[in-house]
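**Student:** These protein sequence lines are chains L and H, in that order.
Quick note on numbering: my numbering labels position 316 of the first sequence as 568, and the sequence is numbered without any gaps.
Quick note on numbering: my numbering labels position 76 of the second sequence as 178, and the sequence is numbered without any gaps.
Each residue gets a CB set at the ideal place from its N, CA and C atoms; glycine is no exception.
Here the structure is a predicted model, which is why all the values come from computation and not from measurement.
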Amino acid sequence: MIRFRRLLAGLLLFLGAGAAGAQGVLLDQGEIDAALLHGPWPPPRTGDPSNRVSGIPEAIELGRILFSSPALSSGGRLSCASCHDPDNGFTDGLETARSHVGRLDRNTQGLFNLAGMRWFGWDGRSDSLWAQSLLPIIRSDEMALDVGQIADALQDGPLRERYEGLFGPADSQAPDRNLANVGKALAAYIETITTGKTPFDRFRDALEAGDLEAAAAYPEDAQRGFRIFAGKGKCTFCHVGPLFSNSEFHDAGVPYFVEPTRVDTGRHGGIEALLGSRFTLRGAFSDDPAKTGAWKVERLVRSHDDFGTFRTPSLRELTRTAPYMHNGSLATLRDVVNHYSTIDLERMHTDGEAILEPLDLSERETADLVAFLESLSTR
Amino acid sequence: MQDFVRAILATAILLSPYAGVATAEEMPLFDAHIHYSHDAVKQVPPRQAAKILRDAGIRKALVSSSDDDGTQKLHEAAPDIVVPSLRPYRRRGETRTWVDDESVIAYIEDRLSRFKYKAIGEFHAYGSDIDKPVVQRMIALAKENGLLLHAHSDADAIDRIFSTWPGAKVLWAHSGFESAEEVGQMLGKHENLWSDLAFRSEHGSGGSVPANWRAVFEAFPERFMIGTDTFAPERWYYIKSHADFSRAWLKDLPQDLARNIGYSNAERMLEAVGQ
């Protein structure tokens, strides 16, 4: 059916090719095909089989409450929302997060459209959303809750009744079970943080339907930007599909010193954490009897080029999640484009990320690429 | 009693001048692929770099840098570890341009006149690059000075180096990123070719050596060596992890073979240079 639609779109564009330019559709057939690969949006919703409360309204509500509750932090100082501010694109707007211990190492990622991703976090230390959601609660440099105290924390106000209704009495369960359940409730809520159609999605849908008039409403600078994105920029090698992410790990040429004698090991450390975790899809806390997705951990192969690589982020809602890159070192989308335009190949291994080379974009090309990236946000 | 013994041992270790040095049971390693380039010198000062090598149990390291000042500074900081190699680059970015840059020769000649080296390289040259005047002159300088060539090259370029100078001794960087079988063929063809395993993982990921690599290690037990490849400053903080990785897969080999690949092959290769 999709192939038929593409053929129809191609035929309509071919028949109207002379007029297409006049109507403001600049892409050729190859570029249209490339654009179609970034949709449709939104993707069909699917539950998480490893999380038995995924999609359950009561769990979503408990997760929403937990998300803003300081009860899950040591001393009641922090909640998830302290860094993932719902009014600020679920980020904090800072280069790197702040906590009771001071500045942390990485940029706070937004939480949009996370359901169904392969890896979570900049270093992919979790293979499920629920496992990732519980980590900040127990990390000593984040919410720092003593896991032995979690049952007590769950007695707080509205939490107790809701938790018991879903999972049974907290104080009758082992702390790790409490923690996994909290992660699952949080994940159930975070799965609902989705975004709607963007200007690019409407353009893409119009192309698929062969509606040139509707497609022409998409600004020409954004169309030229998409040409760079899918063409000489080679951005689509990593920023693929409807999410604009391959969910894998790459060296984007961003330095990864954290302080003079310490570096952020990226995926290298993520794999170590993942292999040492008791909260994975192959572990006892997964609710999926088939252990779907356990292969991700079981088939992991360590490689020297894991070191200092970070997960390709989605590009959706970029305008709401500045600053950018794993360490928040690039303040604006223009800075990001300039980074790839002038990328320092001296940092890269000659047999490493072979697709990266300085794009040497003109001022207009830079503006066009920024216009395209901005069109991937709903506001 | 056990606690008392542990306390005595812990105190002895703290008081030892070698505190922080790799523990005795760790296999000593010769890292044959270290760079300490201009930006690394700034971000990982020589004393810190030397400490990283010692903490990882790296007893010797073949070091080349862009520019060469890094090698000299690290040699001053750790003369017992560093074996200097002269890289024909003044900056890392010259990997792509140096074969056509005649000013490289004056740079090499100047450094050779002022410092002692065991090797020239690691340099990047592929196929017919070897036939270019700059590369031919560099090879001639290696011959005049009795130096090893550390080549980041394809198999064709390796063949051309030996055609140019049949008596050359060549360390094949990254084993050319070739398959185990191809590396074996090249080692069979050239008796003065050695292979480093830098920036490759497939021969030992997960701590076990697959059959094809085991076969070639056993066929050429004196020709392979390990290397980290610190191509960016941050990679200095990977040296310890790389050493751990290397020790893990070397344990999967017979002890003598492991010792050869971990340390002795590089030492013997450098002893053979100039003979």
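1) For L:Arg-534 and L:Ser-380, what's the separation of their Cα atoms in angstroms?
2) Rounded C-beta distance between H:Ser-307 and L:Arg-554? I'm assuming under 8 Å.
3) Could you compute how far the alpha carbon of L:Glu-313 sits from the alpha carbon of L:Ala-286?
4) Taking the C-alpha atoms as reference points, what is the distance between L:Ser-302 and L:Leu-438?
5) Check this for me: beta carbons of H:Trp-296 and H:Met-371, under 8 Å apart or not?
6) Listed from N- to C-terminal order along the chain, which residues in the segment 337-358 of chain L have their beta-carbon within a distance smaller than 9 Å of any beta-carbon of chain H?
7) Please name the residue, chosen from L:Ile-607, L:Leu-621 and L:Asn-579, that lies closest to L:Thr-360 on a Cα-to-Cα basis.
8) For L:Asn-340, which option in L:Pro-575, L:Ser-627, L:Leu-628 and L:Ala-623 has the closest C-alpha, if you only look at C-alpha atoms?
9) Below 8 Å between beta carbons is the criterion; list the residues of the segment 180-194 of chain H that meet it against any residue of chain L, in chain order.
10) Can you tell me where the beta strand (DSSP E) holding H:Val-143 begins and where it ends?
11) Verify the CB distance criterion: does L:Ser-321 have a CB-CB separation below 8 Å to chain H?
12) When the Cα of H:Arg-198 is compared with those of H:Val-237, H:Val-185 and H:Ile-210, which residue comes out closest?
13) Could you pull the DSSP bridge partners for L:Tyr-576 from this structure?
14) At a cut-off of 7 Å, is L:Ile-595 close to the ligand ADP when judged by its beta-carbon and the heavy atoms of the ligand?
15) Cutting at 6 Å between CB atoms, please list the residues of its own chain near H:Phe-322, excluding the five before and the five after it.
16) If we ignore side chains and look at the alpha-carbon of each, how far apart do H:Ala-275 and L:Pro-322 end up?
17) Against chain H, does L:Tyr-441 count as a neighbour if the rule is that its beta carbon must be under 8 Å from one of theirs?
18) By the 10 Å Cβ neighbour count, where 16 or more other Cβ atoms means buried, how is H:Gly-122 classified, buried or exposed?
19) Taking the alpha-carbon of H:Ser-303 as reference, which of H:Ala-244, H:Asp-331 and H:Pro-181 has the nearest alpha-carbon?
20) Is the Cβ of L:Asp-603 closer than 8 Å to any Cβ of chain H?
21) Using a C-beta to C-beta distance shorter than 9 Å, which residues of chain L count as neighbours of H:Phe-279?
22) At the 8 Å Cβ level, is H:Ser-167 part of the contact set with chain L, yes or no?
23) Is the number of C-beta pairs between the segment 156-176 of chain H and the segment 351-360 of chain H that are closer than 8 Å three or more?
24) Listing by chain order, which chain L residues have their CB less than 7 Å from the CB of H:Phe-333?
25) Applying the criterion that 16 or more other CB atoms from any shown protein chain within 10 Å of the CB defines a buried residue, is H:Glu-224 buried or exposed?
26) At a CB distance below 9 Å, what residues from the segment 339-354 of chain H approach chain L? Give them in sequence order.
27) What's the C-alpha gap between H:Phe-364 and H:Arg-193?
28) Please name the residues in the segment 236-258 of chain H whose beta-carbon is closer than 8 Å to at least one beta-carbon of chain L, in chain order.
29) Just checking, does the segment 384-397 of chain L make contact with the segment 613-629 of chain L on the three C-beta pairs under 8 Å criterion?
30) Compute the Euclidean distance between the alpha carbons of L:Ala-349 and H:Asp-182, then round it to the nearest angstrom.
31) Is H:Ala-374 helix, strand or coil when you go by DSSP?
32) What residue from H:Met-240, H:Ser-187 and H:Glu-320 has the CA that sits closest to H:Asp-202's CA?
33) Pick from H:Gln-287, H:Ile-263, H:Asp-346 and H:Val-375: whose alpha carbon is nearest that of H:Leu-131?
34) Using only alpha-carbon positions, find the residue among L:Ala-583, L:Asp-596 and L:Asp-404 that is nearest to L:Gly-505.
35) Hey, out of H:Gly-269, H:Asp-233, H:Gly-278 and H:Ala-244, whose CA is closest to H:His-254's CA?
36) Output the distance between the C-alpha atoms of H:Val-165 and H:Ser-205, rounded to the nearest integer angstrom.
**Tutor:** So, to answer that:
1) Taking the straight line from one Cα to the other gives about 11 Å.
2) 5 Å
3) In this structure, the straight-line span from the alpha carbon of L:Glu-313 to that of L:Ala-286 is close to 39 Å.
4) Each residue's CA atom was taken as its position, placing L:Ser-302 and L:Leu-438 some 14 Å apart.
5) yes
6) none
7) L:Asn-579
8) L:Pro-575
9) Arg-193 and Arg-194
10) Taken as a continuous stretch (DSSP letters only), H:Val-143 belongs to no beta strand (DSSP E), being part of the alpha helix (DSSP H) at 140-145.
11) With 8 Å as the cut-off, L:Ser-321 does not count as an interface residue toward chain H.
12) Closest by alpha carbon: H:Val-237.
13) L:Leu-582
14) The ligand ADP is not part of the structure shown, which contains no ligands of any sort.
15) If we look at H:Phe-322 and ignore the five residues flanking it on each side, its Cβ neighbours are Leu-289.
16) 54 Å
17) no
18) Here the model assigns H:Gly-122 a pLDDT of 40, short of 50, so the residue's position is not dependable, and the following value carries that caveat. By the 10 Å Cβ count, H:Gly-122 comes out exposed.
19) The residue with the shortest Cα to Cα distance from H:Ser-303 is H:Asp-331.
20) yes
21) Asp-603
22) For H:Ser-167, not one C-beta of chain L is nearer than 8 Å to its own C-beta.
23) no
24) His-601
25) buried
26) Tyr-339, Tyr-340, Ser-343, His-344 and Phe-347
27) For the record, residue 364 of chain H in the displayed sequence is Gly; it is not Phe. Each residue's Cα considered, the two are about 30 Å apart.
28) Cβ contacts with chain L: His-254.
29) Put simply, the segment 384-397 of chain L does not touch the segment 613-629 of chain L. Fewer than three CB pairs are less than 8 Å apart.
30) Each residue's alpha carbon lies about 43 Å from the other.
31) helix
32) In terms of Cα proximity to H:Asp-202, the closest of H:Met-240, H:Ser-187 and H:Glu-320 is H:Met-240.
33) H:Asp-346
34) L:Asp-596
35) H:Gly-278
36) So the alpha carbons of these two residues sit roughly 22 Å apart.
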